[in-house]
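First up is the structure itself, then whatever we jot down about it.
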Amino acid sequence: MTKTIRPKMARLTMAQALTRFLSRQMTEIDGKRIPIFGGVWAIFGHGNVAGIGEALYQVRDELPTFRAHNEQAMAHAAIAYAKANFRRRFMAATSSIGPGALNMVTAAALAHVNRLPVLFLPGDVFANRLPDPVLQQAEDFSDGTATVNDCFRPVSRYFDRITRPEQIMPALNRAMQVLTDPAECGPVTLSLCQDVQAEAYDYPESFFAERVWHQRRPRPDRGELAAAVAALKGAKKPLVIAGGGVLYSQASAELAKLVQGAGIPVCETQGGKSSLPDDHPLNMAAVGVTGTSAANRLAEEADVVLAVGTRLQDFTTGSWALFKNSGKIIIGLNAQVFDAGKHWALPLVADAAEGLAELGAALKGWKAPAAWTDNAVKGKTVWQAEAGKVTASTNAAYPSDAQVIGAVQRAMGSGVILLNASGGLPGELHKLWQAGAPGSYHGEYGFSTMGYEIAGGLGAKMAKPDQEVVVMIGDGSYLMMNSEIATSVMLGLKLTIVLLDNRGYGCINRLQMATGGANFNNLLKDARHEAMPDIDFAAHAASLGAIAEKVPSIAGLETALAKAKDNSRTTVLVIDTDPLVSTDAGGHWWDVAVPEVSVRPQVNAARKKYEEALGDRQG
Ligand SMILES: Cc1ncc(C[n+]2csc(CCOP(=O)(O)OP(=O)(O)O)c2C)c(N)n1
Ligand SMILES: [Mg+2]
């Protein structure tokens, strides 16, 4: 008689199984085995407090839960945590149903665009539908299966709705694949029906075994590698674009070796900034719309462009008007085939570090023409002089963003993590911030989400508690989302926040003027008002628990920053700035559609210029 050996079972609710599973997923960093989930952000409501809430409490020692003030912000923190960890570790974010869940959709899109791993666990309506409509349920007249959480579908790399407790097993397996895969990486949404969270099931104990996840490093295909090597060997004017994939692959050493060996200049996207230190002689720094003159003049001429780990978004390509060499070949070294073959690139599908190492080995002994490399290095010196001028100190009552950046750089150096996301700052910082080690520049410019900065700073600080995190933010973005200042104080995670108050949406006002528009609805003074707002940002930040101060000048900012280094609590320094000035040096045209007809002559003039610029675009 054969004896059946039954697997050991654990009778748990779906939510308990989920949190126990999450707490057992590990990774290895510097040879040490550590949990891959840094924790779970949670705001509870009826859609998750009884199910997920109870289950998180059971594992609170292994998988810490953090409370925030806004679901979008907590997801921003989770996303920044993953980015600062180069995608090696990540977090989950859970909400109730309805508004709490939908508050996370923008953050899901942010993670989707930036290819960053985060696990969304929104509550959902009852799977049994008996209490319908439950509080906060949107009712679809024609589709009984639709809930508001379907909004996560287009902004998730994997979406699943859990309507039976056993479904959580294959769903979590797939979730982990996506979160840890360099090509698929992005947000995963498991939409958790409220009743199912609380339903019990006999889960096999093996489901909860500790698993160790490593980042896959695919090596290039031989044929693709040979084609890329041949293209590079034929180059007279090669250029590397370093994107975020260089950082996520931790490929800076391989990049430096390749370009030093072959004398190829490098330029960086927003996501790829800090791939090489700013002072590396071959680093031409920012490319594109917010690029340096050093990088953009090479981009215009380059005949072979090795694009590494970049999505080639319009800010990088100047809406495809920047790379003017009509015979150019683009090589797309990317873990994701979708990106590798963009714009008819020769695809080189591989992990960045592996791909760069193999290219480097195959190119050994080959060098770009010396005149091209020397010219690049000279161009960098010219740019550095220009950048030095615009970032120099000033006594002006309303300094420019660039002058504030100069002050922050002088006071804080290149060793901090400088974090930014929206407004005029990303463009100025991309050009002007002198980044140090990989990851020392943390920009969110894939989605450029106002409200990312402070919560993002918190996530970056959780990932790198020993580093100074400096957040630079405009008044508009600050007003959109600042609540996690209180969370940073509560968690003892210090941020240094520099708030540039130009009294409105300065960069959009400038864009409005550049497209012939009247000054309208951007700066506070140009918006419909009964009374001009006079917002006391320092008092506001202090009320949330921060140490806060309004500084009178650039010199005052530098002194305050030096003092803030010794503060153990989040510090907010406010400075008035000029809304009308941005750095003219460097930069490139960007496609923003101007009205074809208008009663305003300024718009018609802008349209004429726009049409001329469109003529420059290369397909
Ligand atoms: C959530 C969101 N809404 C709108 C925008 C469009 N937008 C980009 S920058 C900006 C103004 C930002 O103002 P502020 O933070 O004060 O920076 P400034 O432009 O003044 O430098 C707006 C409205 C955006 N990027 N994100
Ligand atoms: Mg502003």
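Counting from 1, one number per residue, gives the positions in the sequence shown under the UniProt record's numbering. All C-beta atoms in this analysis are idealised placements derived from N, C-alpha and C, irrespective of residue type, glycine included.
At least one heavy atom of ligand 1 falls within 7 Å of the beta-carbon of M450. Bounds of any alpha helix (DSSP H) do not take in M284; it lies within the beta strand (DSSP E) bounded by N283 to A286.
N502 has its Cβ nearer than 7 Å to a heavy atom of ligand 2. A contact is defined here as three or more CB-CB pairs under 8 Å, and the segment 392-410 fails this definition with respect to the segment 246-258.
The beta carbons of P220 and A335 sit no closer together than 8 Å. In the structure shown, H112 falls within a helical segment according to DSSP collapsed to helix, strand and coil. In the DSSP assignment, K32 falls within the beta strand (DSSP E) that extends over K32 to P35. For Y57, the enclosing alpha helix (DSSP H) begins and ends at E54 to Q58. According to the DSSP secondary-structure assignment, Q25 is paired through a beta bridge with R211.
In the structure shown, V599 falls within a coil segment according to DSSP collapsed to helix, strand and coil. Here S95 is bridged, per DSSP, to P122.
Between A77 and the set R67, L458 and E358, the nearest pair of CA atoms involves L458. Assigned with DSSP and collapsed to three states, P238 falls in strand. Distances between the C-beta of D475 and the heavy atoms of ligand 1 include at least one below 7 Å.
In the three-state scheme derived from DSSP, where H, G and I count as helix and E and B as strand, I43 is classed as coil. Ranked by Cα distance from C193, the options D160, G123 and E224 are led by G123. Residue A55 holds the alpha-carbon nearest to the alpha-carbon of V40 among A55, A50 and K32. If only uninterrupted beta strand (DSSP E) runs of at least 3 residues are considered, those enclosed by the UniProt domain "Thiamine pyrophosphate enzyme central" (225-359) are 238-242, 266-268, 283-286, 304-308, 329-334 and 346-349. Our two residues, A397 and G271, have alpha carbons roughly 33 Å apart in a direct line.
Selection T391, P438 and A460 evaluated against N420 yields A460 as nearest (Cα-Cα).
Within the DSSP bridge table, the entry for L500 names G474 and I575 as partners.
Counted as a single uninterrupted DSSP element, the alpha helix (DSSP H) harbouring S543 occupies residues F537 to S543. By the C-beta density criterion, I97 is buried, having at least 16 other C-beta atoms within 10 angstroms.
Across the set A127, H46, A593 and T391, the C-alpha of A127 shows the shortest separation from the C-alpha of T163. A Cβ-Cβ separation of about 2 Å places G309 in contact with G245 under the 8 Å criterion. The beta carbon of V105 lies closer than 7 Å to those of C151, F152 and V155 in the same chain, with the five residues before and after it left out.
For a cut-off of 8 Å, the C-beta gap from G332 to L346 is around 7 Å, short enough to register as a contact. The closest CA to that of K236, considering only G415, A376 and K431, is found on A376. Straight-line spacing of the CA atoms in A538 and K550 works out to 6 Å.
Per DSSP, the beta-bridge partners of P187 are V118.
Between M462 and G31, the C-beta gap is not smaller than 8 Å, which leaves the two residues out of contact. In the DSSP assignment, K550 falls within the unbroken beta strand (DSSP E) covering I547 to K550. Nearest Cα to A299 within the set D279, G327 and P277: G327. For P579, the Cβ falls inside the 7 Å cut-off from some heavy atom of ligand 1. Using a 10 angstroms sphere on the CB of Y57, the tally of other CB atoms stays under 16, which defines it as exposed. Taking every protein chain shown into account, the CB of M74 has 16 or more other CB atoms within 10 angstroms, so this residue is buried.
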